[in-house]
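This report refers to the structure that appears directly beneath it.
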Amino acid sequence: MKRIAKVRPAIIKHYYLQHHNRNSPSGQMPTNTLWHADGYKQSTHSALVVLVFLRLLDEIKQTRPNATRDQLIAHAFTRTLAFYNDSCQGDPVLSPERAWSITQHFSDKSAFVRNAGNPNGIKVVKCACCEIPLVVLSHYRDYTCELCLSGKKVH
Ligand SMILES: [Zn+2]
53 MKRIAKVRPA
63 IIKHYYLQHH
73 NRNSPSGQMP
83 TNTLWHADGY
93 KQSTHSALVV
103 LVFLRLLDEI
113 KQTRPNATRD
123 QLIAHAFTRT
133 LAFYNDSCQG
143 DPVLSPERAW
153 SITQHFSDKS
163 AFVRNAGNPN
173 GIKVVKCACC
183 EIPLVVLSHY
193 RDYTCELCLS
203 GKKVH
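Read in order, the letters of the sequence shown are residues 53 to 207 in my numbering.
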């Protein structure tokens, strides 16, 4: 966790404590991006975090034209994490480390095209049926979410 030197350590520590109720183990960054596509909950939460992050990054760029890219990313990530943890009301699916890992994965390209040609990659798509954003494996063309497939979704 301490490898996230570009985000103020106190901020990370704060969120980590809030989430895990213990201190961050050092040097344990999640590297398996496929985790984010593994199931409806991970998939929808990951897509939400990515889209909020990219939106905030764009907005902050407009208001802070002189900031460095690292500053912009740190600012956008902090706000994304605050929004995400608030939205989840203390029960987030993504740890701060996973949120960091997934936002950095998509931070330099559009979420919808990143790794689109990589068979082992992930990308953000919208469900072909209900249009909820999801993180899925790159090889899917049309993707229908689990809820739509099972017919449980109330439209
Ligand atoms: Zn759906």
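Glycine is no exception: its CB is placed at the ideal position from the N, C-alpha and C atoms.
message = Given 7 Å as the limit, tell me if Thr-85 has its C-beta closer than that to any heavy atom belonging to ligand 1.
response = no
inquiry  = Please classify Pro-148 as buried or exposed, where buried requires at least 16 other C-beta atoms within 10 Å of its C-beta.
reply    = buried
ask   = How far does the alpha helix (DSSP H) with Pro-148 in it reach, from first residue to last?
value = 148-158
ask   = Relative to the C-alpha of Cys-200, which residue among Asp-110, Phe-158, Tyr-92 is closest?
value = Tyr-92
Val-102 vs Ile-154 beta-carbon contact at 8 Å = yes
ask   = By Cβ distance, which residues of its chain are closer than 6 Å to Arg-74, with the 5 residues on each side in sequence left out?
value = Residue confidence is low: Arg-74 scores 47 on pLDDT, short of 50, so the model does not pin down where it sits. No coordinate-derived value is stated.
Cβ pair Phe-158, Phe-129 closer than 8 Å = no
ask   = According to the neighbour-count rule (16 or more other Cβ atoms, all chains shown, within 10 Å of its Cβ), is Ala-180 buried or exposed?
value = exposed
request  = Quick one: give me the first and last residue of the beta strand (DSSP E) that Leu-186 is part of.
outcome  = 185-189
ask   = Which residues count as close to ligand 1 when the rule is a CB under 5 Å from any of its heavy atoms, in chain order?
value = Cys-179, Cys-181, Cys-182, Cys-197, Cys-200
ask   = So which of Glu-198, Ser-202, Gly-203 has the shortest CA-CA distance to Gln-94?
value = Glu-198
request  = Determine the direct distance from the alpha carbon of Asp-194 to that of Gln-123, and round the result to whole angstroms.
outcome  = 36 Å
ask   = With a Cβ-Cβ cutoff of 8 Å, do Thr-85 and Leu-186 count as a contact?
value = no
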